[in-house]
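Below you'll find the structure, written out as structure tokens, and then a few comments.
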Amino acid sequence: MRAGGRAALILALALGGCRARTTDSTGTTADAGTAARPRPGDLPLPGCDVLMPADMRELTLPGFSIREERACPTCGPLCALRSETEKDVTVSVTWDCNSRYSRTDVRALLAPSLRAGGLEVPALGRAAVRRAPAQGMLQVMTWDDDTPCALIVTWLGGDPERALDVARSALSTTTPAALAMPPPPAEDAGLP
């Protein structure tokens, strides 16, 4: 697969992970970014340098450069990472912060990905699932414990299991302070 084709595939898969469907007061259903507007507090998110600081990137992805792209109107930035030494590897991380994630049951969050052939990942955030949508690709979607955010890590190329480490590191830097938002109440976060 050509490099341009890889980038397009990763972008399409990452955007597909954060598209939400909403219903307005007239009963019309729309994809996020068409007629729907984000609720206050769901945006804006800080950039990749805050969500994936340099020290964290050096530990999990040494030698990778980062480029920030806009993922979708209701998602956070799309952080695209490339390496000069691992030219066959492309990594992307995107955030989808939405207050409904804090109120939704874990099984309901996981169900669509599990039905599509994904596997649940234990002990990674509030809930996590992994799937391989294409050969040589691993996508990890996880919901954070202390913020109303879902993270989608897409790894294309050699050693795709490293996507789990990237997801774990990105979760550790996704904090209410980094997002400049108050933490969800204990009952919303699924805590006792």
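In the working numbering, the protein residues as written are 1 to 192. A virtual CB, placed ideally from N, CA and C, is assigned to each residue, including glycine.
Taking the Cβ atom as the reference point for each residue, do residue i and residue j lie within a distance shorter than 8 Å?
| i | j | result |
| --- | --- | --- |
| THR147 | ALA127 | no |
| ASP144 | LEU151 | yes |
| ALA170 | LEU124 | no |
| THR154 | LEU51 | no |
| LEU45 | VAL91 | no |
| GLY47 | GLU69 | no |
| GLY117 | ARG131 | yes |
Run through DSSP, which three-state label would residue i get?
| i | result |
| --- | --- |
| ARG126 | coil |
| SER102 | helix |
| THR112 | Reading the sequence as shown, one finds Pro at residue 112 and not Thr. Note: PRO112 maps to helix in three-state DSSP. |
| CYS75 | coil |
| LEU119 | strand |
| LEU45 | coil |
Going straight from the alpha carbon of residue i to that of residue j, what length do you get?
| i | j | result |
| --- | --- | --- |
| LEU78 | ARG115 | 25 Å |
| LEU156 | LEU81 | 11 Å |
| LEU119 | ALA180 | 32 Å |
| PRO133 | PRO176 | 31 Å |
| VAL140 | GLY76 | 16 Å |
| ASP55 | SER83 | 16 Å |
| ARG103 | LEU109 | 10 Å |
| ASP88 | THR94 | 20 Å |
| ARG57 | ALA178 | 16 Å |
Beta strand (DSSP E) containing residue i: first to last residue?
| i | result |
| --- | --- |
| GLU58 | Looking at the DSSP string, GLU58 is not in any beta strand (DSSP E); the run it does join, the alpha helix (DSSP H), is 54-60. |
| ASP96 | 90-97 |
| THR142 | 137-143 |
Span of the alpha helix (DSSP H) holding residue i?
| i | result |
| --- | --- |
| PRO176 | 176-179 |
| ASP49 | 48-51 |
Looking at the strands, I want to know which residues DSSP matches up with residue i.
| i | result |
| --- | --- |
| THR154 | SER92 and GLN139 |
| ALA163 | Beta-bridge pairing links ALA163 to no other residue. |
| GLU86 | According to DSSP, which records beta bridges pairwise, GLU86 is partnered with nothing at all. |
| ARG67 | ALA80 |
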